[in-house]
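> Position 28 of the sequence shown, counting from 1, maps to 43 under our numbering, and the rest follow consecutively. Every residue gets a Cβ at the ideal spot worked out from N, C-alpha and C, and that includes glycine. Owing to the predicted nature of the structure, the values given are computational and were not obtained by experimental measurement.
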Amino acid sequence: MTISQDRSIQPPSANLNTLIEVSTTQIDRPETKSIVLPPLPLQRPLLLIGHGSRDADGRQGLLDFAAAYQTFDTSRPVIPCFLELTEPSIQQGVDQCVEQGYSELSALPILLFAARHNKFDVTNELDRAKKRHPHIRFHYGRHFGITPGILELWYTRLAELDRPQWNPHGISREETVLLFVGRGSSDPDANGDVFKLARMVWEGSGYQTVETCFIGITHPRLEEGFRRARLYQPKRIIVLPHFLFTGALVKKIFNITAQQQEQHPDISMICLPEMGLHPHLFQILRDREIETHLGQVQMNCELCKFRLAAIGDAAHHAHDHSPNHAHDHGHSHSPDHSHSPDHAHDHGHSHSPDHAHGHSHSAVDPYAEPEKYHQRIWQVP
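In C-alpha cells, the structure reads:
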C-alpha cells in the first residue's frame, strides 16, 4: 500500500508493514523560491480569508500560505484571517488594516469554489465590517475556481505519479482510475464545478476513467466513490483530494483510503496530499489580487440573486450601493452600473407589466439546514 501524505498525518493503519509514508515535499512540491510575480498596480493591504478549521494543522496551513505569499512582495501587508472556527476572525483582520491607517483593502477568499461561504457568508462579514468602519472601501476578489493554472497543477501532480518511485509495478494509466474528492457543499453550483474540474483533469489524460465524490455535506460520498471506481476493475486507484490545506477532512480521506486498501489488497491505491504551498496557487492568487486593483473581478451576476434570496429583497443587501461602495460581491459592474428601479438584475423572479408590489419578499435562506436541503434535492427517504 502506498499512501503519500504529510509526516504530520498519522493514518490509523500506520502499523501495516506495507505502509509507505512519504513527505509531501518529496512528491509534488516544486520549489517556490524561483517564483516571479507581476508587480502590483497599488500598495493596498490584502486580507486573505480562509474557511477556518479546529484542526491545528489546517489552521497553520493558511497562516503558512499567507506568510509565503507575503515574502514574494513586501510592499503591502498580507493579513490572514478566518471565516469561522478559529481566529483571527475577518473582523479582527479588518481591524488590523484600520489600525495600520489604511482606508482601502483588497479581500480574497482562499476558497476553491464559489459556494455559500464565498457568495454569502464572507460578503456578510465584510458588510458587518463596513458598518463598523464606514470609511473603509472593500475590494472583494474571486475564489480560485477552475483555471488553466489549477489544471496544470493537477497535470503536474499526476505526471509525478508515473515515475517508478510512485508506481513501482508500472501500472499503466489505462488500468488506473482517478477518484477526485471534493469538500462538498450545500450549493449545487459549487458541487457541479467539482464534477467539471474532475472531468477536465481526466480529458485526454489516458486514465481509464474518473469518478467524482465528496467527503461531506453532499453525495456521492467517498466510500461510494471507491465502490464506483472498483466497478471498472482497475489495477490502481489514485485518490485526488481537491483541498488547499490539510485538516480533519483531508486526514479522514487518508484514513478511508487506508481502510479501502486493507479491504481490497489486489488494487494499488495512492492518495495525494493537499495542494499546499504550490507555485501555481501563488500565481493564481496574484492574478486575483491584481483584478481587485484594476476593478476587473468577473463573475456570474447570479451572485446577486443568491444574496437577495438569502437576505431578502427588502433588506437590499443590507448595505448601500452608493458610488463610493466598492464591495462588488465577487463580480464587476461597469461604470454605468446602477441599482435604480430599471436595474437589469431580476433578483431571482420576474415581474410582469401588471405585477403589483403590495407584498413583501421574506428573507429565506434555502441552505439554512443543509441535511434537509439535501434530503429534498436527492429525495432521500
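Rounded C-beta distance between H148 and V196? I'm assuming under 8 Å.
That belief does not hold up - the Cβ atoms of H148 and V196 are roughly 39 Å apart, past 8 Å.
> Only counting runs of 3 or more residues, tell me where the beta strand (DSSP E) segments fall wholly within the stretch 39-95, in order along the chain.
List check, beta strand (DSSP E) in window: 61-65.
> In terms of residue numbering, what span does the alpha helix (DSSP H) encompassing H295 cover?
Where H295 is concerned, the enclosing alpha helix (DSSP H) stretches over 294-309.
> Ignore the nearest five residues each way along the sequence and tell me which others in L120's own chain have a CB closer than 8 Å to its CB.
Only R59, P60, L61, L62, V109, C112, I151, R152, F153, H154 meet the Cβ criterion.
> Can you tell me whether V216 is buried or exposed, with buried defined as 16 or more other CB within 10 angstroms of its CB?
V216 should be labelled buried.
> Hey, would you say R198 sits closer than 8 Å to G231, going by beta carbons?
Yes; because the gap between Cβ atoms is below 8 Å, this pair is in contact.
> List, from N- to C-terminal side, the beta strand (DSSP E) runs of 3 residues or more that fit wholly inside the stretch 136-219.
Segments of the beta strand (DSSP E) lying fully in the stretch 136-219: 152-155, 191-197.
> Can you give the beta carbon distance from E175 to W181, rounded, assuming they're within the 8 Å contact cut?
Yes, E175 and W181 are in contact; Cβ-Cβ is about 6 Å, under 8 Å.
> Report the option in R178, E306, H308, D302 whose CA atom is closest to the CA atom of L52.
Here the closest residue by C-alpha is D302.
> Please report the distance separating the alpha-carbon of R243 from that of S104.
Cα-Cα distance, rounded: 40 Å.
> R242 lies in the alpha helix (DSSP H); which residues open and close that run?
Element bounds for R242: 237-245.
> Name the one or two DSSP bridge partners that M284 has.
I252, per the DSSP bridge assignment.
> Mind checking whether G65 and E306 have CB atoms under 8 Å apart?
No, the Cβ-Cβ distance between G65 and E306 is not below 8 Å.
> Ordered along the chain, which non-local residues of its own chain (more than five positions away) have a Cβ less than 8 Å from that of I161?
D208, K211, L212, M215.
> Can you check which of these residues, T138, Y170, K146, D177, is closest to H158 by C-alpha distance?
The option with the nearest alpha carbon to H158 is T138.
> Look at the alpha carbon of R74 and the alpha carbon of F80, and state the distance between them as a whole number of angstroms.
In a straight line, the C-alpha of R74 is about 10 Å away from that of F80.
> How many whole angstroms separate the CB atoms of L287 and P249, which I take to be in contact at a CB cut-off of 8 Å?
That belief does not hold up - the Cβ atoms of L287 and P249 are roughly 16 Å apart, past 8 Å.
> Taking the CB atoms as reference points, tell me whether D202 and A130 lie closer together than 8 Å.
Yes, these two residues count as a Cβ contact at 8 Å.
> What first and last residue would you give for the beta strand (DSSP E) that runs through E99?
E99 -> no beta strand (DSSP E), and no H or E assigned at all.
> Taking 8 Å as the threshold (C-beta atoms), are P294 and I50 in contact?
Yes, these two residues count as a Cβ contact at 8 Å.
> Tell me where the alpha helix (DSSP H) around L264 begins and ends.
Taken as a continuous stretch (DSSP letters only), the alpha helix (DSSP H) holding L264 covers 263-278.
> Where S38 and F135 are concerned, what is the direct C-alpha to C-alpha distance, given to the nearest angstrom?
At S38, the pLDDT of 33 sits below 50, so the modelled position is not reliable; the number obtained from the coordinates is stated separately. S38 and F135: Cα-Cα distance of roughly 36 Å.
> May I have the straight-line CA-CA distance separating S200 from E99, to the nearest angstrom?
Each residue's alpha carbon lies about 16 Å from the other.
> Under three-state DSSP, which class holds D328?
Low per-residue confidence applies at D328: pLDDT is 45, beneath 50, and the placement is therefore not dependable, though the value from the model is reported in the following sentence. Coil.
> Can V265 and M284 be called in contact, C-beta distance under 8 Å?
Their beta carbons are not under 8 Å apart, which means V265 does not touch M284 by this criterion.
> Look up G363 in the DSSP assignment and say whether it is helix, strand or coil.
Because the pLDDT of G363 is 43, which lies under 50, any placement of that residue in the model is unreliable, and the question is left without a value.
> Let me know the secondary structure DSSP gives E114 once reduced to three states.
In the structure shown, E114 sits in a helix (DSSP, three-state: H, G or I).
> According to DSSP, is V225 part of a helix, a strand, or is it coil?
Reduced to three states, the DSSP call for V225 is strand.
> When the Cα atoms are used, what is the spatial distance from K145 to F241?
Computed Cα separation, rounded: 46 Å.
> Determine the closest residue to Y222 out of G76, V192, F229, with distance taken between C-alpha atoms.
The candidate whose alpha carbon is nearest that of Y222 is V192.
> Quick check: Q85 and R143, are their CB atoms within less than 8 Å of each other?
Cβ atoms of Q85 and R143: not closer than 8 Å.
> Over the uninterrupted beta strand (DSSP E) stretch that includes S121, give me the two end residues.
Run containing S121: 119-124, per the beta strand (DSSP E) assignment.
> Could you round the C-beta distance between L194 and E226 to whole angstroms and report it? I think they count as a contact, below 8 Å.
That belief holds up - the Cβ atoms of L194 and E226 are roughly 5 Å apart, short of 8 Å.
> When you compare the CB positions of Y247 and T224, do they come within less than 8 Å of one another, or not?
Yes, these two residues count as a Cβ contact at 8 Å.
> By how many angstroms is the C-alpha of L126 removed from the C-alpha of H132?
Taking the straight line joining both Cα atoms gives about 9 Å.
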